[in-house]
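Heads up, the thing below is written out as structure tokens.
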Amino acid sequence: MALFTPRREDVYSVRAILMSFRLPNELVLDILDQARYWTEASYSVTDHRALLDEAWTLDYSAASAYLVAPAFHYEIIRLKSGPKPESSKIREIEFTIVSHDQGWTTEDTAGSYNSSSWFEISILRSSYPTYLRTPPEPAKSNIYTAFYQYRRSNSINLVRRPSADIEPQRLHCPEMTKITCPAEEDIYDESLEDRNEGEHAWYLQSNKVAKGVSVFEGEMIKRYHIVWGCKANPVWTGNEGTGRGADFLDTLKQHDWICVWARAKRRGWENHVHGVRVTMRYTI
251 MALFTPRRED
261 VYSVRAILMS
271 FRLPNELVLD
281 ILDQARYWTE
291 ASYSVTDHRA
301 LLDEAWTLDY
311 SAASAYLVAP
321 AFHYEIIRLK
331 SGPKPESSKI
341 REIEFTIVSH
351 DQGWTTEDTA
361 GSYNSSSWFE
371 ISILRSSYPT
381 YLRTPPEPAK
391 SNIYTAFYQY
401 RRSNSINLVR
411 RPSADIEPQR
421 LHCPEMTKIT
431 CPAEEDIYDE
441 SLEDRNEGEH
451 AWYLQSNKVA
461 KGVSVFEGEM
471 IKRYHIVWGC
481 KANPVWTGNE
491 GTGRGADFLD
501 TLKQHDWICV
511 WARAKRRGWE
521 NHVHGVRVTM
531 RYTI
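For what it's worth, my numbering labels the leading residue of the sequence shown as 251, then goes sequentially.
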């Protein structure tokens, strides 16, 4: 049986009941928060997408925008900007990722999460309400050249990750730390050559290395479950290949969008994506 998810009207009803006991408004809001009586917005994509290099190039790198969604649901934005603004806040974000790598490796890393097939997430910021869609364009070598298609028609920018430290999941090989931008790519920016990976993206999840897709043994396709909280709700769910999501939710602002990137890097590495679901939970 599915868990009950309150709607905005349900939150208002319970709030009114608690207020009828003459409880202070701050206490009522804290009770609802501690009870996790939060509204939800969920977005999902189930298109099969494969990042792979048929040319078998040594400096292979790919970034594809797989899921793009608003950080705050339109009802939440309406509450925050209405005649009596509500101080609605995002408390938690949950991801379900269904994916696998190429299923083999020549390195001594099988079964680990020291992978060059992974996912990361960026914040796209606009100063005014805008609508974005997940583009059908092919993958680019990095998130900056892939993001260029948004800058062409929208006043929108990538938000820098607050920490300058390289996330530990990127440190297992030097290729994972530096941006790759081949000169022959149709959108080339020489300023990217000295830029680190992860400056404008939070590491989300590695694919387990050499995870097979056997029909007869084990889980056919790996499902990753990730939960990130905020400073007011410091929860985390994941494995050794999951990013911590530090400051991600606390960095989000009204009119922001989130973008889940599918990534693959280095010769032979692939990322086969079967679906991503994102659920965000808010106070009202």
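Think of the CB as a built atom: it goes at the ideal place given N, C-alpha and C, for glycine as much as any other residue.
- Taken through DSSP and simplified to helix, strand or coil, glutamine 284 comes out as helix.
- One thing to note: aspartate 351 has its Cβ within 8 Å of the Cβ of tryptophan 519.
- Threonine 430 and serine 366 have their C-alpha atoms roughly 13 Å apart.
- Note on geometry: alpha-carbon atoms of histidine 522 and arginine 258 lie some 37 Å from one another.
- Distance check between asparagine 364 and each of Gly493, Ile476, Ser372, Thr533 places Gly493 closest, using alpha-carbon atoms only.
- Pairing isoleucine 347 with isoleucine 393, the inter-Cα distance amounts to about 19 Å.
- Look at alanine 451 here: in three-state DSSP terms it is coil, with no helix or strand label.
- A residue is called buried when at least 16 other Cβ atoms come within 10 angstroms of its Cβ; isoleucine 471 does not meet this threshold and is exposed.
- Between aspartate 506 and glycine 448, the alpha-carbon positions lie close to 19 Å from each other.
- Taking C-beta atoms under 8 Å as the contact rule, asparagine 457 and tryptophan 354 fail to qualify, at a distance of about 12 Å.
- For arginine 257, no alpha helix (DSSP H) encloses it, and the DSSP letter there is neither H nor E.
- Judged by DSSP secondary structure, threonine 346 falls outside any alpha helix (DSSP H) and instead within the beta strand (DSSP E) spanning 340-350.
- Secondary-structure assignment with DSSP links glycine 525 through a beta bridge to Val348.
- Residue pairing by DSSP puts proline 320 in a beta bridge opposite Trp507.
- Cβ neighbours of tyrosine 453 within its own chain (closer than 6 Å, five residues either side excluded): Glu370, Glu417, Gln419, Gly493.
- Non-local C-beta neighbours of leucine 421 in its own chain, meaning closer than 8 Å and more than five positions away in sequence, comprise Thr427, ordered along the chain.
- Fully contained in the region 357-415 are the following alpha helix (DSSP H) runs of length 4 or more, in chain order: 393-401.
- Short of 6 Å from the beta carbon of arginine 445, and not among the five residues preceding or following it, lie these beta carbons of its own chain, in chain order: Ile429.
- Contact between threonine 533 and tryptophan 288 is confirmed by a C-beta separation of about 6 Å, below the 8 Å threshold.
- The criterion of a C-beta distance shorter than 8 Å is not satisfied by isoleucine 340 and alanine 319.
- Cβ-Cβ separation between serine 294 and valine 526: approximately 7 Å, consistent with a contact (criterion under 8 Å).
- Here DSSP, grouped into helix, strand and coil, assigns leucine 301 to strand.
- Asparagine 483 is bridged by DSSP to Cys480.
- Spatial neighbours of threonine 487 in its own chain (CB-CB distance under 7 Å, excluding positions within 5 residues in sequence) are listed in chain order as His475, Ile476, Val477.
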